[in-house]
Amino acid sequence: MSAMLLSVGGPGVASAHTSVVESSTPADGTQVDRVEFIELRFTSAVKPAMATYALTVDGGTPVPLTAPVYTDDDTAVRFTLAEPLPHGQYRLAYQLVVADDNHPATGWIGFRVGPLTVRPSTPTATDPALTPAAESSGDALPTLAWAAVVSILVVAGVAGGLIAHQRRRR
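Position 77 (the sequence shown) corresponds to 77 in the UniProt record's numbering; numbering is contiguous.
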């Protein structure tokens, strides 16, 4: 199965399960110096043939992924990278089906690659929080677009699952 490259964003969500990702490397929400592989460990087995993944950097630029490699019990997937990821803010989005109950699940993990920095504990004159913004960054539209993409993928996944289920009944 090839990895699908999509620009997906918005809050991490899971459909029918509160969370299918038990842990990840790098851990969700962390900042790390270097990433040579990405791994997701699931709370239960998933169906690899019905899973898609998309890695994006800095708000939506697609990053190619290697083919996913699953553990024998399909409870974890790993993407080994040809080269360490360059500095940036990354998001690995997933859409998959849980094997034990056939429920679709979507969501994402996010992490930052770059030198670890320590923020000053007291505000300074150049602190962005103290500097008035000249204009809005306009992030709402891309977030809505990403939410629409995720919604479409969920609907398509559910529809595909229902069609497959109906075909098996015949």
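A virtual CB, placed ideally from N, CA and C, is assigned to each residue, including glycine.
Beta-carbon proximity list for residue i, same chain, < 6 Å, skipping 5 on both sides
{"i": "residue 141", "result": "Here residue 141 scores only 46 on pLDDT, less than 50, and its place in the model should not be relied on; the value that follows carries that caveat. Here the set comprises nothing."}
{"i": "residue 89", "result": "58 and 112"}
{"i": "residue 70", "result": "48 and 77"}
{"i": "residue 86", "result": "none"}
{"i": "residue 91", "result": "56, 108 and 110"}
Sequence-distant residues of its chain with Cβ nearer than 8 Å to residue i (five each side left out)
{"i": "residue 39", "result": "24, 25, 76, 77, 78 and 79"}
{"i": "residue 68", "result": "1, 3, 48, 51, 53, 77, 78 and 79"}
{"i": "residue 176", "result": "This structure does not reach residue 176, given that the chain is present from 1 up to 170, and the question cannot be answered."}
8 Å contact criterion, which residue i and residue j should meet: CB distance rounded
{"i": "residue 35", "j": "residue 81", "result": "7 Å"}
{"i": "residue 109", "j": "residue 33", "result": "That pair is no contact at about 18 Å."}
{"i": "residue 94", "j": "residue 114", "result": "Actually they do not touch by this definition, with Cβ atoms about 23 Å apart."}
Contacting residues, own chain, Cβ-Cβ under 7 Å from residue i (five flanking each side not counted)
{"i": "residue 42", "result": "20, 21, 22, 75 and 76"}
{"i": "residue 45", "result": "73, 74, 75, 99 and 100"}
{"i": "residue 84", "result": "34, 35 and 36"}
{"i": "residue 116", "result": "31 and 33"}
Cβ-heavy atom distance, residue i to the ligand SAM, below 7 Å
{"i": "residue 110", "result": "Absence of the ligand SAM from the depicted structure is noted, as is the absence of any ligand whatsoever, leaving it without description."}
Neighbour flag for residue i against chain D, beta carbons, 8 Å
{"i": "residue 115", "result": "Included in the structure is just one protein chain, with no chain D present."}
Please go through the UniProt domain "CopC" (20-113) and give each complete beta strand (DSSP E) segment of 3 or more residues, from N-terminal end onward. 21-25, 30-32, 37-42, 52-57, 61-63, 76-80, 88-97 and 104-113
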